[in-house]
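Participant:
2 protein chains.
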Amino acid sequence: MPIYKAPVDDAVFLLDDVLDFNGYGQLPGFGDLTVDMLSQILGEAAKLFEEVTLPLNQIGDRAGCVRLDDASVTTPPGFKAAYKSLADGGWIGLSIPTEYGGQGLPYTLTVLINEFATSANMSLAMYSGLTQGAMAALLRHGDERQKRIFIPRMASGVWAGTMNLTEPQCGTDLGLLTTRAAPRPDGSYAITGQKIFISSGEHDLAENIIHLVLARIEGAPAGVKGISLFIVPKFNLNGDGSLGSRNNVSCGSIEHKMGIHANSTCVMNYDDATGFLVGEANRGLNAMFVMMNEARLGVAVQGLSISEIAYQNAAQYARERLQGRSLSGPKYPAQSADPIIVHPDIRRMLLEIRSFNEAARGLALSAALDSDVAHRSSDPTARQAAEDRLGLLTPVLKGMLTDVGFENAVKAMQVFGGHGYIGEWGMEQFVRDARIAMIYEGANGIQALDLVGRKLPKDGGRAAMAWFKEISAFIAANGENEPLKPFVQGLQSALGDLQKATAWLMQNALAKPDNAGAASYDYMHLFGRVALGYMWARIAKAALAGAQRDPASARAMEAKLIAGRFFVERMLPETAFRLARIVSGADTMMSLDAEMF
Amino acid sequence: MPIYKAPVDDAVFLLDDVLDFNGYGQLPGFGDLTVDMLSQILGEAAKLFEEVTLPLNQIGDRAGCVRLDDASVTTPPGFKAAYKSLADGGWIGLSIPTEYGGQGLPYTLTVLINEFATSANMSLAMYSGLTQGAMAALLRHGDERQKRIFIPRMASGVWAGTMNLTEPQCGTDLGLLTTRAAPRPDGSYAITGQKIFISSGEHDLAENIIHLVLARIEGAPAGVKGISLFIVPKFNLNGDGSLGSRNNVSCGSIEHKMGIHANSTCVMNYDDATGFLVGEANRGLNAMFVMMNEARLGVAVQGLSISEIAYQNAAQYARERLQGRSLSGPKYPAQSADPIIVHPDIRRMLLEIRSFNEAARGLALSAALDSDVAHRSSDPTARQAAEDRLGLLTPVLKGMLTDVGFENAVKAMQVFGGHGYIGEWGMEQFVRDARIAMIYEGANGIQALDLVGRKLPKDGGRAAMAWFKEISAFIAANGENEPLKPFVQGLQSALGDLQKATAWLMQNALAKPDNAGAASYDYMHLFGRVALGYMWARIAKAALAGAQRDPASARAMEAKLIAGRFFVERMLPETAFRLARIVSGADTMMSLDAEMF
Numbered sequence: 001m002p003i004y005k006a007p008v009d010d011a012v013f014l015l016d017d018v019l020d021f022n023g024y025g026q027l028p029g030f031g032d033l034t035v036d037m038l039s040q041i042l043g044e045a046a047k048l049f050e051e052v053t054l055p056l057n058q059i060g061d062r063a064g065c066v067r068l069d070d071a072s073v074t075t076p077p078g079f080k081a082a083y084k085s086l087a088d089g090g091w092i093g094l095s096i097p098t099e100y101g102g103q104g105l106p107y108t109l110t111v112l113i114n115e116f117a118t119s120a121n122m123s124l125a126m127y128s129g130l131t132q133g134a135m136a137a138l139l140r141h142g143d144e145r146q147k148r149i150f151i152p153r154m155a156s157g158v159w160a161g162t163m164n165l166t167e168p169q170c171g172t173d174l175g176l177l178t179t180r181a182a183p184r185p186d187g188s189y190a191i192t193g194q195k196i197f198i199s200s201g202e203h204d205l206a207e208n209i210i211h212l213v214l215a216r217i218e219g220a221p222a223g224v225k226g227i228s229l230f231i232v233p234k235f236n237l238n239g240d241g242s243l244g245s246r247n248n249v250s251c252g253s254i255e256h257k258m259g260i261h262a263n264s265t266c267v268m269n270y271d272d273a274t275g276f277l278v279g280e281a282n283r284g285l286n287a288m289f290v291m292m293n294e295a296r297l298g299v300a301v302q303g304l305s306i307s308e309i310a311y312q313n314a315a316q317y318a319r320e321r322l323q324g325r326s327l328s329g330p331k332y333p334a335q336s337a338d339p340i341i342v343h344p345d346i347r348r349m350l351l352e353i354r355s356f357n358e359a360a361r362g363l364a365l366s367a368a369l370d371s372d373v374a375h376r377s378s379d380p381t382a383r384q385a386a387e388d389r390l391g392l393l394t395p396v397l398k399g400m401l402t403d404v405g406f407e408n409a410v411k412a413m414q415v416f417g418g419h420g421y422i423g424e425w426g427m428e429q430f431v432r433d434a435r436i437a438m439i440y441e442g443a444n445g446i447q448a449l450d451l452v453g454r455k456l457p458k459d460g461g462r463a464a465m466a467w468f469k470e471i472s473a474f475i476a477a478n479g480e481n482e483p484l485k486p487f488v489q490g491l492q493s494a495l496g497d498l499q500k501a502t503a504w505l506m507q508n509a510l511a512k513p514d515n516a517g518a519a520s521y522d523y524m525h526l527f528g529r530v531a532l533g534y535m536w537a538r539i540a541k542a543a544l545a546g547a548q549r550d551p552a553s554a555r556a557m558e559a560k561l562i563a564g565r566f567f568v569e570r571m572l573p574e575t576a577f578r579l580a581r582i583v584s585g586a587d588t589m590m591s592l593d594a595e596m597f
Numbered sequence: 001m002p003i004y005k006a007p008v009d010d011a012v013f014l015l016d017d018v019l020d021f022n023g024y025g026q027l028p029g030f031g032d033l034t035v036d037m038l039s040q041i042l043g044e045a046a047k048l049f050e051e052v053t054l055p056l057n058q059i060g061d062r063a064g065c066v067r068l069d070d071a072s073v074t075t076p077p078g079f080k081a082a083y084k085s086l087a088d089g090g091w092i093g094l095s096i097p098t099e100y101g102g103q104g105l106p107y108t109l110t111v112l113i114n115e116f117a118t119s120a121n122m123s124l125a126m127y128s129g130l131t132q133g134a135m136a137a138l139l140r141h142g143d144e145r146q147k148r149i150f151i152p153r154m155a156s157g158v159w160a161g162t163m164n165l166t167e168p169q170c171g172t173d174l175g176l177l178t179t180r181a182a183p184r185p186d187g188s189y190a191i192t193g194q195k196i197f198i199s200s201g202e203h204d205l206a207e208n209i210i211h212l213v214l215a216r217i218e219g220a221p222a223g224v225k226g227i228s229l230f231i232v233p234k235f236n237l238n239g240d241g242s243l244g245s246r247n248n249v250s251c252g253s254i255e256h257k258m259g260i261h262a263n264s265t266c267v268m269n270y271d272d273a274t275g276f277l278v279g280e281a282n283r284g285l286n287a288m289f290v291m292m293n294e295a296r297l298g299v300a301v302q303g304l305s306i307s308e309i310a311y312q313n314a315a316q317y318a319r320e321r322l323q324g325r326s327l328s329g330p331k332y333p334a335q336s337a338d339p340i341i342v343h344p345d346i347r348r349m350l351l352e353i354r355s356f357n358e359a360a361r362g363l364a365l366s367a368a369l370d371s372d373v374a375h376r377s378s379d380p381t382a383r384q385a386a387e388d389r390l391g392l393l394t395p396v397l398k399g400m401l402t403d404v405g406f407e408n409a410v411k412a413m414q415v416f417g418g419h420g421y422i423g424e425w426g427m428e429q430f431v432r433d434a435r436i437a438m439i440y441e442g443a444n445g446i447q448a449l450d451l452v453g454r455k456l457p458k459d460g461g462r463a464a465m466a467w468f469k470e471i472s473a474f475i476a477a478n479g480e481n482e483p484l485k486p487f488v489q490g491l492q493s494a495l496g497d498l499q500k501a502t503a504w505l506m507q508n509a510l511a512k513p514d515n516a517g518a519a520s521y522d523y524m525h526l527f528g529r530v531a532l533g534y535m536w537a538r539i540a541k542a543a544l545a546g547a548q549r550d551p552a553s554a555r556a557m558e559a560k561l562i563a564g565r566f567f568v569e570r571m572l573p574e575t576a577f578r579l580a581r582i583v584s585g586a587d588t589m590m591s592l593d594a595e596m597f
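Listed in order, the protein sequences are those of chains A and B. Our numbering numbers the first residue of the first sequence as 1 and each following residue consecutively. Our numbering numbers the first residue of the second sequence as 1 and each following residue consecutively.
#1: Could you check whether the Cβ of A/Ile-422 sits closer than 7 Å to any Cβ belonging to chain B?
#2: Would you kindly report the start and end of the unbroken beta strand (DSSP E) that includes B/Trp-91?
#3: Determine the extent of the alpha helix (DSSP H) in which B/His-141 is found, giving its start and end residues.
#4: Going by DSSP, what residue range makes up the alpha helix (DSSP H) through A/Gly-461?
#5: Going by DSSP, what residue range makes up the alpha helix (DSSP H) through A/Ser-307?
#6: Taking the Cβ atom as the reference point for each residue, do B/Pro-7 and A/Gly-517 lie within a distance shorter than 7 Å?
#7: Per the DSSP calculation, A/Lys-195 is bridged to which residue(s)?
#8: Contact defined as beta carbons within less than 8 Å: I believe B/Cys-266 pairs with B/Ile-198. What is the distance between those atoms, to the nearest angstrom?
#9: Using only the alpha-carbon positions, how far apart do A/Ala-155 and A/Gly-93 sit?
#10: Tell me, to the nearest whole angstrom, how far the beta carbon of A/Leu-174 is from that of A/Ile-227; I am working on the premise that it is less than 8 Å.
#11: Check the Cβ-Cβ distances between A/Ile-439 and every residue of chain B, and say whether any is below 7 Å.
#12: Pull up the DSSP beta-bridge partners for B/Tyr-523, would you.
#13: For the candidate residues A/Pro-185, A/Thr-166 and A/Glu-482, whose alpha-carbon lies nearest to that of A/Asn-269?
#14: Have a look at B/Glu-480 and B/Ala-563 and give me their C-alpha separation to the nearest angstrom.
#15: Quick one, are the C-beta atoms of A/Asn-282 and A/Ala-220 less than 7 Å apart?
#16: Given this structure, state the Cα-to-Cα distance separating A/Thr-74 from A/Ser-200, to the nearest angstrom.
#17: The region 330-345 of chain B: which residues have C-beta closer than 8 Å to a C-beta of chain A, in chain order?
#18: Does chain A have any CB closer than 7 Å to the CB of B/Gly-533?
#19: For A/Ser-355, which option in A/Tyr-311, A/Asp-370, A/Ile-340 and A/His-261 has the closest C-alpha, if you only look at C-alpha atoms?
#20: Looking at the C-beta of A/Asp-173, does it have a partner C-beta in chain B at a distance below 7 Å?
#21: Distance cutoff 7 Å, beta carbons only. Does B/Met-400 sit that close to anything in chain A?
#22: Ends of the alpha helix (DSSP H) at A/Trp-159?
#23: For chain A, find out if any of its Cβ atoms is closer than 7 Å to the Cβ of B/Ser-591; answer yes or no.
#24: Can you confirm whether B/Phe-577, when its beta carbon is compared against all beta carbons of chain A, has any partner nearer than 7 Å?
#25: Taking C-beta to C-beta, are A/Lys-398 and A/Arg-296 nearer than 7 Å?
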């Protein structure tokens, strides 16, 4: 069975030493939170995931979810009790405002805890993750009554939530959706249609499931401007809020998937189900986008989660597996062979993963802090800056963290040789589970288009320019710091590639939008590499300072500096390759007739 | 269910127009084979795979193999009849000399037919593939009696074969193997030990299974110099060659794997099983290496096979799935949406796969032709040149074709969006099946070490120098050909990067072998990119000539040129990135203490 130890120390280092967590003390929910408390909270969460949910991960993969003849769905053995522990610990509603039954703590904490939860058991973590996504949409777009009724019971985990967007004929292109909402005299709507790929769509972990459903009110305009958002509870509510009759929504079947077997991915059938409008009619897509942005950061973190647990297991295996001898002569002559960690190519694989994980965690936390500022700060300038940066980086993080997270799971599996391919070791499950994150919440190609087509040009390029300026300022301020020089120089060169690519897009995409589409995927990854490089430069700066301040930490800080140098030497030069691909343009790929593919 | 059409036309184009198949007419088995006959043979094979084995691929994945209480193993429904068709068609022994019951046709044909067979049904193709590997070892190292007894019945498919190397404590490092062989008075040996990960180890497709087993004769030297190769038949043979008693070898269990579910991967227990020495005592590793080299090319082709079928399905889906609108305005305004093939990023994914497949097929066929020359030519100079090139390129092809083949399966799955993650579409099976090819027959990191540590320095670098010279000569001869210029220039730049990397290795690896290990994986992929670039330049030259010669082929030839230009513009520049990684050396990765990983 795979091992896992939540990276609490690394998270605290990133928050405290790199991201200036104390500097956020003026925000609601942050004030009383000392770094010691943070450590303690994360440690508590870690215990739950390491001891309770991790041991269920392989069990869940094998057992899967089962749909019974009455259309109910049972989760794998142990999931119910584990979910109750998660709920009772207050982890689901950790960042929900106290007036709606949550603990009002930073969203940043939820992001971290979800990282741990997903490493330990991705399928299980998705039940609470979807509930959090649904709460986010209700918090921003529900009316006060809806919030009071639904959020507290979702925050406590007694009820769960889902997001219902996709239909057989429409995934990316929501303008094609056909689920209908017919107004009833009592103000409710009768919802009819079929939704597919609904994660956590039906299960036995909660007393009620609150479905957020996109549908088209009769007579609404065609396309995305005629879509509204509805609450459709699995059980109707009585006047006093208690559970009433069963609503006409049911699970038609469970999909047979490559991975995340323990999360029920459902076909959901709505047949004159009772629904309630959330927010304004025909503005459902906007409401859903709020939920999706948060969900996209959540999915990005899933990529990191799997990459982290895959790394931990590969590193342990590499230290223990005896096979062959070091190229520079036996390192453990008394043993029958050396542990494979003596081999450079094994270290290459491990360091490729690790040098991603630590910086990716920093980026996810930085984005989460931006989200906290955007939602909680009283300073409109700070809010806008945070919103800008978050909006810009969300597609980058979703696309890059899930792509690379998957690649890293594949790499970690490779360290195990043949054993990696065998189910009992658990490594191949990570690959299968991680694969979905590149697809859902907008396939990564859509993230790339969102970056290039919307986020980059938005507000005259304000967000991108501010971010480039921020990095340039860091380079200017730290260029003379001798031990930081390799980091700063690598970053400067990578930023140069990104700026060249951006200039190329400005010159070539307006006249010919296909050039933007052809460049988008590489641009997203180029952007992401620069973001990781920038984060590594900040981590290195903090590690150098930390080692000076506290000699006891010197060894841990040195390890970070090595991982960072590895990143600068081996991962960052990819930016030039991405740039070369980008400037090759769209002409060649567009010149092949569709029927000749 | 996935579609598949064997790429017969492309294969014939490669053999005839690019690789000068007619020029091999003096080799035994090639003489009577006109291009028309080639086409016809391939067409016959294609029918079998498209109509008979392809429909069993998903069935096999779901049903898997089942081990019964008597230790027998049943294959999925339909496999027995399909395997019989394969055997009866003469496809298993196609390239086996006629005196041992084969058809004596070129090995090159077998490589191609195995590509088709694996695309259609990788698990099923592995039963015959292992049999072919075992026959290859017996042909080269068995004595005449062994050849006469075993090969004809294996060539006809009545008997099957396996390779037994791995043990729980030894995969890569065969020096650690402990299976014992005790000499008996009658000249046979009693084999005792446990082997794991034995593909096709036990099944119901053949009347007998001939296991080739590595074991250590009592008193043999320790390490790899004390390993011998044995024949251990599942059923002992009577004096007249008929099947006798059951030998003491049995399947202890079947592994639960990520993919290739329909191939039985067995733990094989040998308990005083009767075995017969093949070749000289203590020289088993050499014999096995012959088998492994051929097997490595076979595994390389598996990567291509999955990439090909994944491409075909993704291209079809992209032409049919309606979603969103072209960035440059609706292309099919009468439909609710455009097919997703209008999107540059979809085309990018498809062309990344396709521009690999066509050149990778050319490389596999070129290596197969080298193998035919090496084994069949009467000209020692030609034999040596072919052996050199084949030895050099075998690890490159195994490593690159399986790595990229897997990545391409992942990419093709991505084209399907959420549907790609669902089992019924079949795309996720390709990913799971393709994953093993990066691991078995020497994990790809081992291929990289084989290239850098053995093949490159062998004979004073003769093979590599000859290959570089061959490419340089092509560049010199075609540099002034105007329409070929982009190909030649791209190739020249890529070759320059490879030569720089090679020079760096020569300067830095001798004094510090870890530098070779640290560079090896990137060097293998850099080498592979240059090989693909060279093949594309040759394909482009042939396509330009073909279009001139036969205007009816102009459209197909133009499609090849587009795919080739895409490769040069977007895939070939990776060489500079690989070079940058290589020259960063081993110091950083070796500086982290093992316990700090």
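Glycine included, each C-beta is placed from N, C-alpha and C at the ideal position. Computed from a predicted model, the values in this text were never measured in an experiment.
Facilitator: Looking at the coordinates:
#1: Within the first sequence, residue 422 of chain A is the residue found at index 422, counting from 1. Yes, contact with chain B.
#2: Here residue 91 of chain B refers to the residue found at position 91 of the second sequence. From DSSP, B/Trp-91 is part of no beta strand (DSSP E); its letter is neither H nor E.
#3: Looking up residue 141 of chain B in the second sequence gives position 141. Where B/His-141 is concerned, the enclosing alpha helix (DSSP H) stretches over 122-141.
#4: Mapped onto the first sequence, residue 461 of chain A falls at position 461. Segment 458-478, the alpha helix (DSSP H) holding A/Gly-461.
#5: The sequence position of residue 307 of chain A within the first sequence is 307, counting from 1. A/Ser-307 -> alpha helix (DSSP H) spans 284-320.
#6: Here residue 7 of chain B corresponds to residue number 7 of the second sequence, with the count starting at 1. Here residue 517 of chain A corresponds to residue number 517 of the first sequence, with the count starting at 1. Contact: no.
#7: Along the first sequence, read from residue 1 onward, the residue named residue 195 of chain A stands at position 195. A/Met-268.
#8: For the purposes of this step, residue 266 of chain B is taken as residue 266 along the second sequence, with counting starting at 1. For the purposes of this step, residue 198 of chain B is taken as residue 198 along the second sequence, with counting starting at 1. At roughly 5 Å, the Cβ-Cβ gap stays under 8 Å, so B/Cys-266 and B/Ile-198 are in contact.
#9: Walking along the first sequence from the start, residue 155 of chain A turns up at place 155. Walking along the first sequence from the start, residue 93 of chain A turns up at place 93. Roughly 4 Å separates the two Cα atoms.
#10: By one-based count along the first sequence, residue 174 of chain A stands at place 174. By one-based count along the first sequence, residue 227 of chain A stands at place 227. The Cβ separation is near 6 Å, so the contact holds.
#11: Counting from one through the first sequence, the residue named residue 439 of chain A turns up at place 439. Output row for A/Ile-439: interface = yes.
#12: For the purposes of this step, residue 523 of chain B is identified with residue 523 of the second sequence, where counting begins at 1. Beta-bridge pairing links B/Tyr-523 to no other residue.
#13: Sequence index remark: in the first sequence, residue 269 of chain A carries index 269 (1-based). Among A/Pro-185, A/Thr-166 and A/Glu-482, the Cα nearest to that of A/Asn-269 is on A/Thr-166.
#14: The residue given as residue 480 of chain B occupies position 480 in the second sequence. The residue given as residue 563 of chain B occupies position 563 in the second sequence. Answer to the nearest angstrom: the Cα atoms are 22 Å apart.
#15: For this step, residue 282 of chain A is matched to residue 282 along the first sequence. For this step, residue 220 of chain A is matched to residue 220 along the first sequence. A contact, by the Cβ cut-off of 7 Å.
#16: Locating residue 74 of chain A in the first sequence gives position 74, counting from the first residue. Locating residue 200 of chain A in the first sequence gives position 200, counting from the first residue. It is roughly 11 Å from the alpha-carbon of A/Thr-74 to the alpha-carbon of A/Ser-200.
#17: Ser-336, Ala-337, Pro-339, Ile-341, Val-342, His-343, Pro-344 and Asp-345
#18: Position 533 of the second sequence, counted from the first residue, corresponds to residue 533 of chain B. Answer no: the Cβ-Cβ gap between B/Gly-533 and chain A never drops below 7 Å.
#19: Here residue 355 of chain A refers to the residue found at position 355 when the first sequence is read from its first residue. Per the Cα distances, A/Tyr-311.
#20: On the first sequence, position 173 is the one that residue 173 of chain A refers to. It does; some Cβ of chain B falls within 7 Å.
#21: Within the second sequence, residue 400 of chain B is the residue found at index 400, counting from 1. It does not: the Cβ of B/Met-400 has no partner Cβ on chain A nearer than 7 Å.
#22: Taking the first residue of the first sequence as position 1, residue 159 of chain A is located at position 159. That residue, A/Trp-159, is in no alpha helix (DSSP H); its beta strand (DSSP E) goes 159-164.
#23: In the second sequence, residue 591 of chain B corresponds to position 591, counting from 1. By this cut-off, B/Ser-591 is an interface position.
#24: The residue labelled residue 577 of chain B in the question sits at position 577 within the second sequence. Yes, B/Phe-577 counts as interfacial toward chain A.
#25: Position 398 of the first sequence, counted from the start, is the residue given in the question as residue 398 of chain A. Position 296 of the first sequence, counted from the start, is the residue given in the question as residue 296 of chain A. Yes. Within cutoff.
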